[in-house]
Amino acid sequence: MSECIFCRIVSGEIPATEVGRTEDAVAFRDLNPQAPVHVLIIPTRHAATAADLLAQDGGAARLAAVFALATRVADELGLADRGYRLVANTGAEGGQTVHHLHVHLLGGRQLTWPPG
Ligand code: 5GP
Ligand code: ZN
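Set out below in structure tokens:
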């Protein structure tokens, strides 16, 4: 059994509210939402960061699959015209707490910039 909580969500060992899935990516609701829409989009194969994913065979296509699913879910949840934010916290100073690459899809309210 994987130690990685997001690998366990991919396999179904940990429940999550899925909003989309392809062979290469899964989208599910964040447990602690920071906006009316807060979805995480992850590659199905484990990689800690985008750089690690790109270092894998076929990683560029799987990274593209993560962003393709993110934009599809944004559209399906009614955000395409309103706008939304995609962000991947990376490493210690990036504030990454789960070390399986994930893109946050945030929307449904006016977002501010810069983030904290
Ligand atoms: P990070 O801080 O690494 O960019 O984001 C990790 C995100 O994963 C956080 O927003 C946190 O709420 C979310 N999260 C952590 N554990 C779980 C979980 O078991 N299920 C779900 N759905 N989200 C989680
Ligand atoms: Zn993982």
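The numbering of the sequence shown is this note's numbering, which starts it at 1 and goes up by one.
From the three backbone atoms N, C-alpha and C, an ideal C-beta is built for every residue, glycine too.
> I think I41 touches V10, with their Cβ atoms under 8 Å apart; what is that distance to the nearest whole Å?
Replying inline: The beta-carbon separation of I41 and V10, rounded to 12 Å, does not stay under the 8 Å limit for a contact.
>> Among T44, C4, S2, whose alpha-carbon lies nearest the alpha-carbon of R21?
In response: Per the C-alpha coordinates, the member of T44, C4, S2 positioned closest to R21 is T44.
> In whole angstroms, what separates the C-alpha of G116 from that of G107?
Replying inline: Distance between the alpha carbons of G116 and G107: 17 Å.
> With a Cβ-Cβ cutoff of 8 Å, do A35 and R109 count as a contact?
Replying inline: Yes, these two residues count as a Cβ contact at 8 Å.
> Looking only at C-alpha atoms, which of L111, W113, V103, G83 sits nearest to F6?
Replying inline: Ranking L111, W113, V103, G83 by Cα distance to F6 puts V103 first.
> First and last residue of the beta strand (DSSP E) that includes I9?
Replying inline: Where I9 is concerned, there is no enclosing beta strand (DSSP E), although the alpha helix (DSSP H) it sits in stretches over 5-11.
> Are the C-beta atoms of R109 and some chain C residue less than 8 Å apart?
Replying inline: In summary, chain C is missing from the structure at hand, where a single protein chain is found.
> Looking only at C-alpha atoms, which of E3, E23, G94, L77 sits nearest to R62?
Replying inline: It is E23.
> Would you call the CB atoms of L111 and R82 closer than 8 Å?
Replying inline: Going by C-beta atoms, L111 is not nearer than 8 Å to R82.
> Heavy atom of the ligand ZN less than 7 Å from the Cβ of S11, yes or no?
Replying inline: Distances from the CB of S11 to the heavy atoms of the ligand ZN are all 7 Å or more.
> Looking at C-alpha atoms only, which residue of N32, V98, G59, A51 is the closest neighbour of A25?
Replying inline: The closest CA to that of A25, considering only N32, V98, G59, A51, is found on G59.
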